[in-house]
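S.K.:
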Amino acid sequence: MVLRILKAALGVGVTVDTVLDDNAVTPGGTLNGEVKFTGGEVDQKVEGITLEFTALVENDDKGEDRTSTHHFHRAQVSGPFQLAKGSGHAVQFEVPVPWETPINVLEGRPLPGMKLGVSTELALDMAFDKGDLDPLVVEPLPVQAAALRAMESLGFVLQLADLETGTIPGSHMPFYQEIEYWPSGEFKDLFNEVELTLVASKTSTDVILQADDRGGLTSPGHDTYQRFTVNNDDDGDLAEQIRTQLHQLAGRRG
């Protein structure tokens, strides 16, 4: 729950309370909730309400690691309406979650390094006011969870996850997610680190495995990553499929 006090004309306050039914969603799912208003001492015209999804993204520019907040999805949940003085008003919303939304939990465990949120923007008397950020929990699709479990079953140890600036093929987001693992077992001598990227769509999910490399997914002139596609209804054991892809990746790196 978020409680905000917005100062309208003549210093008259309007209270806004945004309540999410459940702050846990999945890519391609729906975020449900309600925005409640209480008018102040004068009538006000609310020109619109917008929900905004945000993410903390890393930008490795000229060798300098910086982070910035990206607003990667906006959804208008209400058009104009009159808010009479002292009256209450409520707007229920159902906002589709983009398929390419990054994940930040696995089986109840937060992915270290990931920060996602949702905020409410109110347009009041030609002015915009954005409320505090509500944490947004994005759970993986079953096929994504299967890929993460497969990495662990193959001896990879999760280190952290982050979002990197750039667009990769198949994604329209201004960033991509990297989930970083340290290898053990049969892959200990083949890699120092492996980064996993999952790009979901309505019917399938691309699994991208990248070895430790000076480049990146958006850098030209390298081929040290392996990409394959899995149907979203294929949520079984992916360990053997990923094992094969990892050995092919190791072979391509020489």
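Per our numbering, the sequence shown starts with residue 1, numbered consecutively.
Virtual Cβ for every residue (Gly too), placed ideally from N, Cα, C.
(1) Which residues mark the beginning and the end of the alpha helix (DSSP H) in which residue 153 is found?
(2) Buried or exposed for residue 152, going by 16 or more other Cβ atoms inside 10 Å?
(3) Would residue 113 and residue 133 qualify as a contact pair, given that the criterion is a beta-carbon distance under 7 Å?
(4) Determine the direct distance from the alpha carbon of residue 136 to that of residue 66, and round the result to whole angstroms.
(5) Measure the alpha-carbon distance for residue 29 versus residue 59 and round it to whole angstroms.
(6) How long is the line joining the alpha carbons of residue 251 and residue 190, rounded to whole angstroms?
(7) Alpha carbon to alpha carbon, what distance is there between residue 76 and residue 238?
(8) Tell me, please, which residues DSSP counts as bridged to residue 179.
(9) Helix, strand or coil, according to DSSP, for residue 214 in the structure here?
(10) Thinking just about the alpha-carbon of each residue, which of 159, 172, 143 and 71 is nearest to the one in residue 181?
(11) Mind checking which residues open and close the alpha helix (DSSP H) that includes residue 244?
(12) Suppose contacts are defined by Cβ-Cβ distances below 7 Å. Is residue 143 in contact with residue 235 by that definition?
(13) Between the C-alpha atoms of residue 170 and residue 209, what's the straight-line distance to the nearest angstrom?
(14) Using a Cβ-Cβ cut-off of 6 Å (strictly less than) and excluding sequence neighbours within five positions of residue 146, which residues of its own chain qualify?
(15) If I measure Cβ to Cβ from residue 32 and keep anything under 6 Å in the same chain, skipping five residues before and after, which residues do I get?
(16) Kindly indicate which three-state DSSP category residue 185 falls into: helix, strand or coil?
(17) Which residue marks the beginning of the beta strand (DSSP E) containing residue 123, and which one marks its end?
(18) Following the continuous beta strand (DSSP E) through residue 95, name the residue where it begins and the one where it ends.
(19) What are the boundary residues of the beta strand (DSSP E) that residue 36 is part of?
(20) Just to confirm, is the Cβ distance from residue 111 to residue 161 under 7 Å?
(21) If I'm right that residue 48 touches residue 85 with Cβ under 8 Å, what's the distance once you round it to whole angstroms?
(22) Going by C-alpha to C-alpha distance, which of 35, 16, 73 and 41 sits closest to residue 27?
M.R.: For this structure:
(1) The count along the sequence shown starts at 1 and reaches residue 153 at position 153. Run containing residue 153: 142-153, per the alpha helix (DSSP H) assignment.
(2) Stepping through the sequence shown from its first residue, residue 152 is reached at position 152. Exposed: under 16 other Cβ atoms inside 10 Å.
(3) Position 113 of the sequence shown, counted from the start, is the residue given in the question as residue 113. Position 133 of the sequence shown, counted from the start, is the residue given in the question as residue 133. No; because the gap between Cβ atoms is not below 7 Å, this pair is not in contact.
(4) Against the sequence shown, residue 66 aligns to sequence position 66. Against the sequence shown, residue 136 aligns to sequence position 136. Roughly 22 Å separates the two Cα atoms.
(5) Counting from 1 along the sequence shown, the entry for residue 29 is found at position 29. Counting from 1 along the sequence shown, the entry for residue 59 is found at position 59. Approximately 28 Å, taken between the alpha carbons.
(6) On the sequence shown, residue 251 is found 251 positions in, with the first residue counted as 1. On the sequence shown, residue 190 is found 190 positions in, with the first residue counted as 1. Between residue 251 and residue 190, the C-alpha separation is close to 9 Å.
(7) Against the sequence shown, residue 238 aligns to sequence position 238. Against the sequence shown, residue 76 aligns to sequence position 76. Rounded to whole angstroms, residue 238 to residue 76 spans 38 Å at the Cα level.
(8) Counting from 1 along the sequence shown, the entry for residue 179 is found at position 179. In the DSSP output, where bridge partners are listed per residue, residue 179 has 161 and 196.
(9) In the sequence shown, the residue the question calls residue 214 occupies position 214. Residue placement at residue 214 is poorly supported in this model, since its pLDDT is 45, which falls under 50; the coordinates still yield a value, given next. Of the three classes helix, strand and coil, the one that applies to residue 214 here is coil, per DSSP.
(10) Counting from 1 along the sequence shown, the entry for residue 181 is found at position 181. Among 159, 172, 143 and 71, the Cα nearest to that of residue 181 belongs to 159.
(11) Numbered from 1 along the sequence shown, position 244 holds the residue referred to as residue 244. Element bounds for residue 244: 239-252.
(12) Counting from one through the sequence shown, the residue named residue 143 turns up at place 143. Counting from one through the sequence shown, the residue named residue 235 turns up at place 235. Result yes, Cβ atoms of residue 143 and residue 235 sit closer than 7 Å.
(13) Stepping through the sequence shown from its first residue, residue 170 is reached at position 170. Stepping through the sequence shown from its first residue, residue 209 is reached at position 209. Using only the alpha carbons, I get a separation of about 15 Å.
(14) The residue given as residue 146 occupies position 146 in the sequence shown. Only 235 and 238 meet the Cβ criterion.
(15) By 1-based counting over the sequence shown, the position of residue 32 is 32. 21 and 94, listed in sequence order.
(16) Counted from its first residue, the sequence shown places residue 185 at position 185. Residue 185 falls in the helix class under three-state DSSP.
(17) Residue numbering aside, residue 123 sits at position 123 when the sequence shown is read from its first letter. Element bounds for residue 123: 116-124.
(18) Residue 95 sits at position 95 when you count from the first residue of the sequence shown. Counting along the chain, residue 95 sits inside the beta strand (DSSP E) bounded by residues 88-96.
(19) Sequence index remark: in the sequence shown, residue 36 carries index 36 (1-based). For residue 36, the enclosing beta strand (DSSP E) begins and ends at 30-38.
(20) In the sequence shown, residue 111 corresponds to position 111, counting from 1. In the sequence shown, residue 161 corresponds to position 161, counting from 1. Their beta carbons are under 7 Å apart, which means residue 111 touches residue 161 by this criterion.
(21) In the sequence shown, residue 48 corresponds to position 48, counting from 1. In the sequence shown, residue 85 corresponds to position 85, counting from 1. Contact doesn't hold; Cβ gap of about 20 Å is too wide.
(22) Counting from 1 along the sequence shown, the entry for residue 27 is found at position 27. Considering only alpha carbons, the answer is 73.
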